[in-house]
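Below is one structure, written out as structure tokens; the observations come after it.
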Amino acid sequence: MDKQDRIKGKDMDAEERAAAMGITRRTFIHRSLVAGAAIGAVSQGLFPIISTLDVAYGAQEFRFAWISDTHLYPRTLNTRFVEKAERAINDVKAMKPAPDFLIFGGDLAQLGDPVELQLGAELLKSLTIKKYFIPGEHDWYLDMGAMWMKLFGKQPWSFDHKGVRFIGLDTISRGPDYWSAKKMTPQERMGHMATLDGSVAGPWAGVGADQLEWLEKTLSNWPKDKPVIIFSHNPLYEYYPPWNFWVRDWRDVQRILEPFAKVTSIHGHTHQVLYNEIGRMRSIGMLATSWNWPYPPEGVPALTVPMVRVDPGDHFDGVGWGKLTMTAAERVNHEYMMWRKDIFTQTQVDSGTGDNVNQILSPRIADRP
Amino acid sequence: MKKGWMRLAVSLCICLGIGLFGAAAVKAHKVKHTPEQLKAFEDVFMEQVRIGDLLFHGDAATEQKMGTKLSRTGMACAMCHPFAVDTHPYEFPKFQEQINKFSTLRDMINWCIEKPNEGETLDPDSDAMKALEAYILWSNRGSKLDPGRH
């Protein structure tokens with residue numbers, strides 16, 4: 089059996105296929121490539137196994153952690169999400185050696201309530217490593233980010249760490265105004281935003297012209313062959329727009345990032361195992377601590393090895409956090425820290441994506457006039 | 425001889441025509457539905473879809489009106505099933521692993537209310553259950569029937 093057949097999964101089980109793609113049971117390995125090799129390899133479907141052209145800059149290996157999508161309610165309503173956020177925080181605390189920093193990837197709160205945001209801040213306070221924050225839509229649309237910014241500062245931001253440029257974007261605050269004309273209360277505005285499959289808030293996910301300009305400027309002095317890791321709440325490509333599994337101006341983002349050979353995009357919002365490549369940018373979707381979103385009926389990237397279908401009777405199933413390592417060879421290794429033994433499916437049926445061919449779904453109607 | 429065949433062919437065509445007409449006549453309603461009636465039937469259905477949509481998305485006012493308590497965790501059905509995805513109503517009835525029995529969609533709806541949502545289960549014939557079923561089926565209309573699949 090040749091290598092192409094092996095990647096296509098002929099006569100292989102999912103575990104072997106995942107291993108051939110550089111994915112182990114828990115770990116997804118993102119291999120950094122030089123430009124030409126990456127494009128050629130992807131176009132031939134060979135990327136995962138021929139990515140051997142790493143160019144080291146004497147970079148230092150280090151680790152960092154990601155937690156997102158805790159969706160905290162006040163303790164009086166729901167302690168379940170609090171317990172899972174605490175578990176993730178305690179897991180990060182237990183990392184030895186400690187990670188260099190934590191990224192919190194948005195949706196700390198469920199309904200943007202100051203009680204929820206303050207609860208999140210209190211829980212995260214016990215984690216004493218350096219923390220960086222980017223917002224999710226659930227954190228924002230009750231008071232338009234006032235409490236979020238008071239607690240966690242402003243975005244976007246950028247910093248350099250051990251040979252890598254890190255960037256944090258705000259992909260949630262530049263949605264179209266759907267509330268003023270309808271004279272919505274802040275709670276109504278938040279309620280529509282908090283409904284993933286709602287039809288009122290529209291295509292709210294976006295980077296926006298001002299932030300695109302900032303991004304271009306921020307990267308203008310960075311060598312094109314050095315690593316860039318960019319964090320956002322939403323995916324920086326078009327995955328499934330009806331649930332805002334995208335940013336609407338992703339083409340502009342790609343245009344700015346295209347000259348850079350080693351870009352890794354890390355995002356929340358999708359609450360599931362997810363991997364994609366757009367041009368030379370690799371994109372990794374992270375787990376939520378709160379609950380798992382099912383895969384949408386279409387648009388799941390072909391390079392994603394789907395996660396095992398979640399048992400809804402076990403609220404610790406299908407959720408978790410992320411452990412990331414930047415290797416000396418400038419590879420980003422990502423480990424899905426899911427609180428179950430098996431993460432990747434053996435067959436697509438076990439992920440829910442196997443049923444997608446049968447599903448034809450309709451948007452909801454009750455939130456329309 | 426040739427005329428004989430012609431007669432036979434004509435007779436068969438006439439018989440076939442009468443047969444088809446007869447079958448159509450038997451199947452037809454005695455009185456045709458008026459457009460107004462069809463609209464009224466659809467309105468009844470879509471009103472149930474609308475109520476089901478609101479219940480599915482945790483609308484507090486609708487819950488109060490229907491006298492239901494579908495969740496005590498802040499979770500709504502749509503938080504795991506946006507667009508009613510992964511509800512697979514076209515796969516029921518089937519053996520449902522979590523319930524450990526041959527189950528209907530209504531059994532599954534009640535399981536989700538009771539277990540993940542920690543709410544109060546519905547009478548399987550209640551208005552709220554029928555509305556939820558109407559929404560889930562409506563949202564999945566056009567999907568391919570695949571009963572028994574897990």
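Residue numbers (my numbering), protein chains in the order written: chain A, 89 to 457; chain B, 425 to 574. For each residue, glycine too, the CB sits at the ideal point set by N, CA and C.
Check, Outcome
"Whole-number beta carbon distance between residue 192 (chain A) and residue 156 (chain A), since they are thought to touch under 8 Å", "6 Å"
"Beta-ladder partner(s) of residue 160 (chain A), from DSSP", "A:197"
"Element boundaries [beta strand (DSSP E), containing residue 305 (chain A)]", "Not the beta strand (DSSP E): residue 305 (chain A) falls in the alpha helix (DSSP H), residues 297-307."
"Residue 258 (chain A) classed as buried or exposed, judged by whether at least 16 other C-beta atoms fall within 10 angstroms", "buried"
"Bounding residues of the beta strand (DSSP E) (the contiguous stretch that carries residue 520 (chain B))", "518-520"
"Chain A contact for residue 566 (chain B) (CB, 9 Å cutoff)", "yes"
"Length-filtered (3 minimum) beta strand (DSSP E) runs lying within the region 537-570 of chain B", "none"
"Residue 350 (chain A), buried or exposed, once every other Cβ within 10 Å from all chains shown has been counted against 16", "buried"
"Cβ of residue 457 (chain B) within 9 Å of any chain A Cβ", "no"
"Within chain B, the residues that residue 443 (chain A) reaches when beta carbons sit closer than 7 Å", "512"
"Interface flag, residue 292 (chain A) vs chain B, CB-CB below 9 Å", "no"
"Spatial distance of residue 344 (chain A) from residue 291 (chain A) (CA atoms)", "21 Å"
"Beta-carbon neighbours of residue 322 (chain A), restricted to chain B and to distances below 9 Å", "None at all; the shortest Cβ gap to chain B is about 15 Å."
"Within-9 Å CB hit, residue 195 (chain A) to chain B", "no"
"Buried or exposed (CB count within 10 angstroms, at least 16 for buried), residue 481 (chain B)", "buried"
"Contact with chain B by residue 283 (chain A), beta-carbon distance below 9 Å", "yes"
"Own chain residues within Cβ distance below 6 Å of residue 235 (chain A), not counting five before or after", "202, 205"
"Where residue 140 (chain A) falls, given that 16 or more other Cβ within 10 Å makes a residue buried", "Note that residue 140 (chain A) scores a pLDDT of 34, beneath 50, so its modelled location is shaky; the value from the coordinates is reported in the next line. With fewer than 16 Cβ atoms within 10 Å of its Cβ, residue 140 (chain A) is classed as exposed."
"Supposed close pair residue 389 (chain B), residue 382 (chain A) - CB separation, criterion 8 Å", "Only positions 425 to 574 of chain B appear in this structure, which leaves residue 389 (chain B) out of reach."
"Integer-rounded CB distance, given that residue 287 (chain A) should sit under 8 Å from residue 455 (chain A)", "6 Å"
"Option nearest residue 457 (chain A) by Cα separation, candidates B:469, B:474, B:466, B:490", "B:474"
"Residue-chain proximity (residue 375 (chain A), chain B), Cβ-Cβ < 9 Å", "no"
"Residue 454 (chain A) at chain B interface by Cβ criterion, 9 Å", "yes"
"Chain A contacts from the region 475-488 of chain B (Cβ-Cβ distance under 7 Å)", "477, 478, 481"
"Three CB pairs or more closer than 8 Å across the region 149-169 of chain A and the region 397-412 of chain A", "yes"
"Cβ contact check for the region 438-454 of chain A and the region 556-574 of chain B: 3 or more pairs under 8 Å", "yes"
"Member of A:423, A:391, A:428, A:370 whose CA lies at the smallest distance from the CA of residue 397 (chain A)", "A:428"
"Three-state secondary structure (DSSP) of residue 443 (chain A)", "helix"
"Collapsed DSSP secondary structure at residue 183 (chain A) in the structure displayed", "coil"
"Classification of residue 339 (chain A) by the beta-carbon crowding that lies within 10 angstroms, buried from 16 upward", "exposed"
"Residues bridged to residue 408 (chain A) [DSSP beta-bridge criterion]", "A:426"
"CA nearest to the CA of residue 210 (chain A), picked from A:223, A:153, A:163", "A:163"
"Any C-beta of chain A under 9 Å from that of residue 468 (chain B)", "no"
"Nearest residue (CA-CA) to residue 357 (chain A), options A:153, A:332, A:368, A:347", "A:332"
"Below-9 Å beta-carbon distance, residue 399 (chain A) vs any chain B residue", "yes"
"Run of the alpha helix (DSSP H) containing residue 348 (chain A), from where it starts to where it stops", "That residue, residue 348 (chain A), is in no alpha helix (DSSP H); it is neither H nor E in DSSP."
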